[in-house]
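**Q**
Residue numbers (UniProt numbering): 1 to 685.
(1) Taking 8 Å as the cut-off, decide whether the C-beta atoms of residue 414 and residue 439 are in contact.
(2) Would you please state the rounded distance, in angstroms, between the beta carbons of residue 39 and residue 11? I believe it to be under 8 Å.
(3) Of all the options 681, 290, 234, which has the alpha carbon lying nearest to the alpha carbon of residue 479?
(4) Can you find the residues in the same chain that come closer than 6 Å, C-beta to C-beta, to residue 65, ignoring five residues on each side of it along the sequence?
(5) So, helix, strand or coil for residue 665, using DSSP?
(6) What three-state label does DSSP hand residue 558 in the structure shown?
(7) So, are the CB atoms of residue 201 and residue 229 less than 8 Å apart?
(8) When the Cα atoms are used, what is the spatial distance from residue 262 to residue 443?
(9) Mapping the DSSP letters down to three states, classify residue 293 as helix, strand or coil.
(10) Between residue 503 and residue 579, which are expected to be in contact by the criterion C-beta below 8 Å, what is the C-beta distance as a whole number of angstroms?
(11) Rounded to a whole number of angstroms, what is the C-alpha to C-alpha distance between residue 84 and residue 122?
(12) Considering only DSSP beta bridges, list what residue 306 is partnered with.
(13) Given a cut-off of 8 Å, decide if residue 292 and residue 97 are closer than it, judged by their beta-carbon atoms.
(14) Apart from the five residues on each side of it in sequence, which residues of its chain come closer than 6 Å, Cβ to Cβ, to residue 513?
(15) CA-CA distance, residue 552 and residue 507?
(16) Is it right to say residue 137 is buried, meaning 16 or more other beta carbons lie within 10 angstroms of its own, or is it exposed?
(17) Could you tell me which residues DSSP puts in a beta bridge with residue 191?
(18) Between 275, 416, 170, which lies nearest to residue 308 when the distance is taken from Cα to Cα?
(19) Check whether the region 183 to 197 and the region 115 to 132 touch, using three or more Cβ-Cβ pairs below 8 Å as the test.
(20) From residue 497 to residue 523, what does the alpha carbon distance come to, in whole angstroms?
(21) Nearest-angstrom Cα distance between residue 576 and residue 311?
(22) Taking the alpha carbon of residue 155 as the reference point, which residue from 163, 419, 135, 211 has its own alpha carbon closest?
(23) Ends of the beta strand (DSSP E) at residue 164?
(24) When the Cα of residue 343 is compared with those of 629, 359, 333, which residue comes out closest?
(25) Counting pairs of Cβ atoms below 8 Å between the region 636 to 652 and the region 663 to 672, do you hit three or more?
(26) Are the beta-carbon atoms of residue 147 and residue 135 separated by less than 8 Å?
(27) Is there contact here, the region 270 to 290 with the region 620 to 633, by at least three beta-carbon pairs under 8 Å?
(28) Following a CB-centred definition, is residue 55 positioned closer than 7 Å to any heavy atom of the ligand SAH?
(29) For residue 48, which residues from the same chain have a beta carbon less than 7 Å from its beta carbon, with the 5 sequence-adjacent residues on both sides left out?
(30) For the alpha helix (DSSP H) that contains residue 316, what are its first and last residues?
(31) Would residue 317 and residue 302 qualify as a contact pair, given that the criterion is a beta-carbon distance under 8 Å?
(32) At 4 residues or longer, what runs of the alpha helix (DSSP H) sit wholly inside the region 198 to 243?
(33) Return the CA-CA distance between residue 374 and residue 335, expressed in angstroms with no decimal places.
(34) Exposed or buried, residue 28, counting other C-beta atoms within 10 Å across all chains shown (16 or more means buried)?
(35) Between the region 420 to 427 and the region 384 to 398, do three or more beta carbon pairs fall short of 8 Å?
(36) Going by DSSP, name the residue or residues bridged to residue 566.
Rendered as structure tokens:
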């Protein structure tokens, strides 16, 4: 529980403080002193009378009452020290930078839990253990360097890794990214990233608080809390970008269905971020690029003008923007020709606007003015301008600095000459600007920001389904895969259209049941999980004689328990599925079906419950969406029905949370109907 004693303590004690600034306790004290902490500062070191000019106490029992205690002592001494502080010194906030706790094994975990119990009993807040500390406006409680100057309009950084927090701050400062509050939660024994985000949300003041939040997550212990408070903050005006590391660890497990083979923790995390409005980042470099984009005016459209004197950089950037769904539209017409008259011969204004290596600061200003006022189709500008070391580019950067302030359209400066123009770049940054050293990284980040939707509404209307029948099936089912009969009954109760089928383990009964069946049919083995891999699917069965022969062949397959007969439908093969990651709501997936799901892996995911708008966006985001629309003379599938099936699947798992894995593959889609042909459902208790 974040409290005022952590954020704005009136007194701090560093336990394990040292005169040696190369030791964590020594550098911690040094940073607090250098940061100008205005309250009472105490040190505990049994071997020193004074530590860095501060009176040192030989043991914790001797110190005055203290709001915040920072522990830099071996793990084995921490539980007793915390107990004394909580019970005798009225301490309500604790930062433990020491390692050797839950990350070190069972004994360390028990020690950690003992500390948490003590802190909870005192209604206190614990950060760590195994962290670098905390930075707020009031104190610099970290033992690492560099310590960024506090900027109330900078980025709040919350990190599950201390070292990564340092790397983010270090790289960010070089780009001009500034920081406000920094929280390194370490093992997050009591207070995790979600808890700090909760505090920021519940105490948010849009006029005073930093609007940009950067997260580095190694675990998501409470997905619902993260979703709730991230969404709420973004709706209030904040912007959030996050890295989730280790997302594919569980994705490598052996899968028992198509859904299991393609779904992963990373897919679920992306779906969570998408629902919350969090910009997903895959690296520190991308996280900082997104933070820089957040600091500039908002991109309101997808048409970008590239302004440069470096043709190669422009090509790479244009390619990256196009891959991300943004556009670099051609610029032409009378105004374009007029602009060209201000530039040197050989310049190009088609977009990219290349005004050559000899281009001047004055020409850059004119180009930006035309993009701002004359070219209505342009929504934003990227200026790529470096130096070959032949002339001073400070005038160019001065013009760019002015235009950044006065233009309504966002301008993103790429200043790649970190050696040749180092002095000029530093001058540019001192004016409060941020630059991008690489145009491709910017292109990726810009697309990621633009394509991240606003937070989804928490009030979602789902199709009506037969919940009573669904619960009856689930309550009477055993753990594992449902039988074919239970599966079709579940689809019927959910209102998901399915193909008529016959399932028998007796050839005579099967043939008798096929009396009214129209040929051709498809016959499938019941039992093996991957029917195609087991050669357990036979198409184009033309008559009962072929059906009898095929029955015998299929029943010889290992693990075969019966044979299924279905009408052979023709249409576009589609797929929907469900995956349940521990702690998360169900992940709903859709894509192209049949073998294409594994070959192309063209799958879109959303976190249940899925709104109609989310389902539509899932379908539209597929690379194969044009096939659903109908392409190259081929008829597509009914998109409206596909969206309805996705929502019905979401309603199904809401009614039956015991479903941990499910796939319907394929669904056969035509312009008139979409029909489930094969489905598997696995439940867990």
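All C-beta atoms in this analysis are idealised placements derived from N, C-alpha and C, irrespective of residue type, glycine included.
**A** Well, looking at it:
(1) Taking 8 Å as the cut-off, the beta carbon of residue 414 is found closer than this to the beta carbon of residue 439.
(2) Between residue 11 and residue 39 the Cβ distance is about 5 Å, and since that is below 8 Å, they are a contact.
(3) Comparing Cα-Cα distances from residue 479 to each of 681, 290, 234, the minimum goes to 681.
(4) Around residue 65: 89, 90.
(5) If DSSP states are grouped into helix, strand and coil, residue 665 belongs with the strands.
(6) In the structure shown, residue 558 sits in coil (DSSP, three-state: anything other than H, G, I, E or B).
(7) Yes. Within cutoff.
(8) Residue placement at residue 262 cannot be trusted, given a pLDDT of 46 that sits under 50; the coordinates are not used to answer.
(9) Under the three-state reduction of DSSP output, residue 293 falls in the helix class.
(10) Beta-carbon to beta-carbon, residue 503 and residue 579 are separated by about 26 Å, too far to satisfy the 8 Å threshold.
(11) Cα-Cα distance, rounded: 11 Å.
(12) Under DSSP, residue 306 takes part in a beta bridge, and its partners are 382.
(13) No, these two residues do not count as a Cβ contact at 8 Å.
(14) Closer than 6 Å at the Cβ level, and outside the excluded window around residue 513, lie 502.
(15) Cα to Cα, residue 552 sits roughly 8 Å from residue 507.
(16) Around the beta carbon of residue 137, fewer than 16 other beta carbons lie within 10 angstroms, which makes this residue exposed.
(17) Residue 191 is not bridged to any residue.
(18) From the listed residues 275, 416, 170, the smallest Cα separation to residue 308 is found for 416.
(19) Judged by Cβ distances under 8 Å, the region 183 to 197 makes contact with the region 115 to 132, as three or more pairs qualify.
(20) As the crow flies, the alpha-carbon of residue 497 is around 19 Å from that of residue 523.
(21) Rounded to the nearest angstrom, the two C-alpha atoms are 44 Å apart.
(22) Of the residues 163, 419, 135, 211, the one whose Cα lies closest to the Cα of residue 155 is 211.
(23) Careful: residue 164 lies outside any beta strand (DSSP E), inside the alpha helix (DSSP H) at 162 to 175.
(24) Cα-wise, what sits closest to residue 343 is 359.
(25) They touch, by the three-pair rule.
(26) Going by C-beta atoms, residue 147 is nearer than 8 Å to residue 135.
(27) Contact between the region 270 to 290 and the region 620 to 633 is absent, because fewer than three Cβ pairs lie under 8 Å.
(28) Looking for the ligand SAH in the displayed structure turns up nothing, as the structure carries no ligands at all.
(29) Within its own chain, the residues whose Cβ lies closer than 7 Å to the Cβ of residue 48, once the five positions on either side in sequence are excluded, are 19, 56, listed in chain order.
(30) Element bounds for residue 316: 311 to 323.
(31) No. Outside cutoff.
(32) For the region 198 to 243, whole alpha helix (DSSP H) runs of length 4 or above, ordered along the chain, are 223 to 235.
(33) Residue 374 and residue 335: Cα-Cα distance of roughly 7 Å.
(34) Within a 10 Å sphere around the beta-carbon of residue 28 sit 16 or more other beta-carbons, which makes this residue buried.
(35) The region 384 to 398 and the region 420 to 427 touch, with three or more beta-carbon pairs separated by less than 8 Å.
(36) DSSP, once it has assigned bridges, lists 522 as partnering residue 566.
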